[in-house]
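In my numbering, the protein residues as written are 6 to 330.
Glycine included, C-beta positions come from ideal geometry on N, C-alpha and C.
Now the structure itself:
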């Protein structure tokens, strides 16, 4: 994902976002999600099995899609340096192992991660806007974002105000995303990419997930993301299916591709492959790329590395073979 100029939201939505009432009519006019059908389709896709060379390709692709994440109050600069080193060389014993997509940290750790990663091609993502609650004044959220961008963040993972969304104040949520989008701009005219976190475990219904997806895309988000990882349930296959359908339909209507990032609770290679099958079936091969699909995870990478070693050597290396994150 190369830095680009800040995208302009299609003028086709200007009339829709001119007022709370018009935006509410649009979002509540979206087709409802059939809960039974959605969950059944997700379960059906999860039964697909891939083997041999296809599985090896899927494992390497999943590694390339990982946003290797540490978002704990006990994070240290040393831990972030180690994580950044691991992101560049996940398996130091095997130089053919691909790097991850990004390292995701708190804003005060961005400079440390950037120092280690340099021009390696691994991005630095920073959570912002009072992550994970989103409960802060707007000027603080914008300052949080600008600080991360100035420190060198390539990507910003913001959280929406779920209280405003669930209260039906959709225009407030839209305008907040749009302002954070503007705060991602750099002096050279490029912009950090913006991922918009819904915290789907708090949105209550699949219809709300679909509405939040369209709201974030219309406001200028580059990615839509399920969760902070701090609330359960976090990423699930049915929720991700709804979001994938939304980005597919959005491209059909506007021509603009939006990425999807499930985060939280994805721990095994088997889980990751289920998501990749779903991406291919719902959106097609265009989204099977780290520019358009990511996994937010901390423990997933080690399982992917274990499975990769098993496929190349014929034996499992064991969980203590790789560094703990």
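Check whether residue 146 and residue 200 have beta carbons under 8 Å apart: Along the chain shown, one-based indexing puts residue 146 at 141. Along the chain shown, one-based indexing puts residue 200 at 195. No, Cβ-Cβ distance for residue 146 and residue 200 is not below 8 Å.
Residue burial classification, residue 222 (beta-carbon count within 10 angstroms, cutoff 16): Translated into positions along the chain shown, residue 222 becomes position 217. Residue 222 comes out buried.
Ranges of the alpha helix (DSSP H) found wholly within the segment 12-97, counting only runs of at least 4: 25-33, 40-50, 57-69, 82-93
Three-state secondary structure (DSSP) of residue 218: By one-based count along the chain shown, residue 218 stands at place 213. In the structure shown, residue 218 sits in a helix (DSSP, three-state: H, G or I).
Buried versus exposed, by CB contacts within 10 Å (16 or more), residue 172: Walking along the chain shown from the start, residue 172 turns up at place 167. Exposed, since its Cβ has fewer than 16 Cβ neighbours within 10 Å.
Secondary structure of residue 203, DSSP reduced to three states: As a working mapping, residue 203 is identified with position 198 in the chain shown. If DSSP states are grouped into helix, strand and coil, residue 203 belongs with coil.
Supposed close pair residue 137, residue 164 - CB separation, criterion 8 Å: Within the chain shown, numbered from 1, the residue matching residue 137 stands at position 132. Within the chain shown, numbered from 1, the residue matching residue 164 stands at position 159. Approximately 6 Å separates the beta-carbon atoms of residue 137 and residue 164; this is inside 8 Å, confirming the contact.
Expected contact under 8 Å - CB spacing of residue 212 and residue 37 to nearest Å: Translated into the one-based positions of the chain shown, residue 212 becomes position 207. Translated into the one-based positions of the chain shown, residue 37 becomes position 32. Residue 212 to residue 37, Cβ: 6 Å. Contact.
As assigned by DSSP and simplified to three states, the class of residue 235: Your numbering for residue 235 matches position 230 in the chain shown. Note: residue 235 maps to coil in three-state DSSP.
Residue 316, buried or exposed, once every other Cβ within 10 Å from all chains shown has been counted against 16: Stepping through the chain shown from its first residue, residue 316 is reached at position 311. Exposed is the call here.
Start and end residues, beta strand (DSSP E) containing residue 161: The residue you call residue 161 lines up with position 156 of the chain shown. Where residue 161 is concerned, the enclosing beta strand (DSSP E) stretches over 160-164.
Per-residue burial, residue 58 [other beta carbons within 10 Å of its own, 16 or more giving buried]: As a first step, residue 58 is located in the chain shown; it is residue number 53 there, counting from the start. It is exposed - the Cβ of residue 58 has fewer than 16 other Cβ atoms within 10 Å.
4-residue-minimum alpha helix (DSSP H) runs that sit fully inside the segment 124-183, ordered along the chain: Listed in chain order, the complete alpha helix (DSSP H) runs (minimum 4 residues) inside the segment 124-183 are 143-155, 167-171.
Simplified DSSP state of residue 7, which is helix, strand or coil: Reading the chain shown from its first residue, position 2 is the one you call residue 7. The pLDDT assigned to residue 7 is 47, lower than 50, so where the model puts this residue is not dependable, and the model offers no usable value.
C-beta contact flag for residue 105 and residue 71 at 8 Å: Sequence index remark: in the chain shown, residue 105 carries index 100 (1-based). Sequence index remark: in the chain shown, residue 71 carries index 66 (1-based). Yes, they are a contact pair.
Inter-residue Cα distance where the pair is residue 152 and residue 158: Residue numbering aside, residue 152 sits at position 147 when the chain shown is read from its first letter. Residue numbering aside, residue 158 sits at position 153 when the chain shown is read from its first letter. About 9 Å.
Residue environment, residue 62, which counts as buried when at least 16 other CB atoms sit within 10 Å: Working through the chain shown from its first residue, we reach residue 62 at position 57. Result: exposed.
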